[in-house]
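Protein chains: 2
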Amino acid sequence: MADPLAKQGFFKGPDHTNCPISDLLARLGDKWSVLVIVTLAGSPDHRARFSDLMRNVTGISQRMLTTTLRHLERDGILTRRVFPEVPPRVEYTLTELGLGLLGPVRALVEWIEQRWPDIERSRADYDTRIDAIS
Amino acid sequence: MADPLAKQGFFKGPDHTNCPISDLLARLGDKWSVLVIVTLAGSPDHRARFSDLMRNVTGISQRMLTTTLRHLERDGILTRRVFPEVPPRVEYTLTELGLGLLGPVRALVEWIEQRWPDIERSRADYDTRIDAIS
Chain A
297 MADPLAKQGF FKGPDHTNCP ISDLLARLGD KWSVLVIVTL AGSPDHRARF
347 SDLMRNVTGI SQRMLTTTLR HLERDGILTR RVFPEVPPRV EYTLTELGLG
397 LLGPVRALVE WIEQRWPDIE RSRADYDTRI DAIS
Chain L
297 MADPLAKQGF FKGPDHTNCP ISDLLARLGD KWSVLVIVTL AGSPDHRARF
347 SDLMRNVTGI SQRMLTTTLR HLERDGILTR RVFPEVPPRV EYTLTELGLG
397 LLGPVRALVE WIEQRWPDIE RSRADYDTRI DAIS
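The listed protein sequences derive, respectively, from chains A and L. My numbering numbers the first residue of the first sequence as 297 and each following residue consecutively. My numbering numbers the first residue of the second sequence as 297 and each following residue consecutively.
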């Protein structure tokens, strides 16, 4: 039985360089994007200020947060709004597109969370086997 | 309303370096892993030989396929079996864990496929705006 996704030819073509899947998976593979999306999703009205994100996305640098937000804005996952106050207030809000992404991302994150012990066990087994033959 | 995932503290801690989510998302962000998983899923008995994968995962190099398969084997997503023939036959089979991953991965891939035009439109708009102010 052929896989429906394989049949759709979405992965096909002589070159995967411009493949949308690779492109967006790479974005998600960047953990900071996922952390920013999840943090916004958990904020009132799916909206947060730069400083809120800095505080909640533990470990992110100011520069990395700026880059991540710019990428997500460009992809239409969030919007950036500047309020002309002193100092200027900048707010980031998840778009309808960003909220839609949340469902599949959550499902994947939950799966990873649930099966993580199995993956860790498998890695330990593998490393033992490899050590034994090398 | 707080996000249930945020509340679980799965993303928390002083350091995300060892975060399982980042770890596995990075693996998925590597497009070859996803392509190999989807190809195996579409093969009879979720099983294929190295040469089948080379043929079906368009554009992958022999070396990259070897690396990808080794990582996926280590994670317990697939098994590798060598049959003592001449030349030796090597078969890769999706495990129960790998099959389970397929559901959430498919959902994500389908979402990307469906919303890709919106993402492209957003990128074009963004680039136009950026050009206008620079």
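Beta carbons are placed, not taken as given, at the ideal position from N, Cα and C, and that holds for glycine. All figures in this text were calculated on a predicted structure; none of them were measured in a lab.
Alpha carbon to alpha carbon, how far is I333(L) from Q304(A)? Give it in angstroms, no decimals. In this prediction, Q304(A) has a pLDDT of 41, which is less than 50 and means its spatial position is unreliable; what the coordinates show is noted afterwards. Using only the alpha carbons, I get a separation of about 16 Å.
Express the C-alpha separation of R425(A) and F379(L) in angstroms, rounding to a whole number. So the two alpha carbons sit approximately 18 Å from each other.
Strictly below 8 Å CB to CB, what residues from chain L border S357(A)? Going along chain L, no residue has its Cβ under 8 Å from S357(A), so there is no contact; the nearest lies around 12 Å.
Where does D326(L) land, buried or exposed, given buried means 16+ other C-beta within 10 angstroms? Under this definition D326(L) is a buried residue.
Using beta carbons (cut-off 8 Å, strictly below), is Y422(L) in contact with chain A? Output row for Y422(L): interface = yes.
Alpha-carbon to alpha-carbon, W407(A) and L390(L): Roughly 17 Å between the two C-alpha positions.
Measuring straight from C-alpha to C-alpha, what distance separates V401(L) and L404(A)? Approximately 7 Å between the Cα atoms of the pair.
Measuring straight from C-alpha to C-alpha, what distance separates P413(A) and G394(L)? Rounded to whole angstroms, P413(A) to G394(L) spans 14 Å at the Cα level.
For P380(L), which residues in chain A fall below 9 Å Cβ to Cβ? Simply none; closest approach about 16 Å.
Of the residues R377(L), V330(L) and T375(L), which one's Cα is nearest the Cα of T354(L)? Distance check between T354(L) and each of R377(L), V330(L) and T375(L) places V330(L) closest, using alpha-carbon atoms only.
Bridge partners of T375(L), per DSSP? Partner(s): T389(L).
Roughly how many angstroms lie between the CA atoms of E431(L) and T363(L), to the nearest whole one? Because chain L is modelled from 297 through 430, residue 431(L) falls outside the range shown and cannot be assessed.
Would you list the residues sitting across from E359(A) in a DSSP beta bridge? Glu is not the amino acid found at residue 359(A); the sequence shown has Arg there. Answer is none; R359(A) lacks a bridge partner.
At the level of alpha carbons, what is the spacing between L301(L) and R419(L)? Any answer about L301(L) is weak, because its pLDDT of 47 lies below 50 and its placement is not dependable; what the coordinates show is given next. Looking at the two C-alpha atoms, the distance is approximately 29 Å.
Of the listed residues I373(A), Q410(A) and E416(A), nearest to L398(A) (C-alpha basis): Nearest option by C-alpha distance: I373(A).
Buried or exposed: where does A344(L) fall if 16 or more other Cβ atoms within 10 Å of its Cβ makes it buried? With 16 or more other Cβ atoms within 10 Å, it is buried.
Output the boundary residues of the alpha helix (DSSP H) element that contains S347(A). First-last of the alpha helix (DSSP H) with S347(A): F346 to N352.
Candidates M360(L), T335(L) and L365(L): closest to N352(L) by CA position: Across the set M360(L), T335(L) and L365(L), the C-alpha of T335(L) shows the shortest separation from the C-alpha of N352(L).
Grab me the residues of R366(A)'s own chain with a C-beta within less than 7 Å of its C-beta, minus the 5 sequence neighbours each way, in chain order. The answer is none, since no qualifying residue turns up.
Note the first and the last residue of the continuous alpha helix (DSSP H) segment covering S329(L). Its alpha helix (DSSP H) spans residues K327 to A337.
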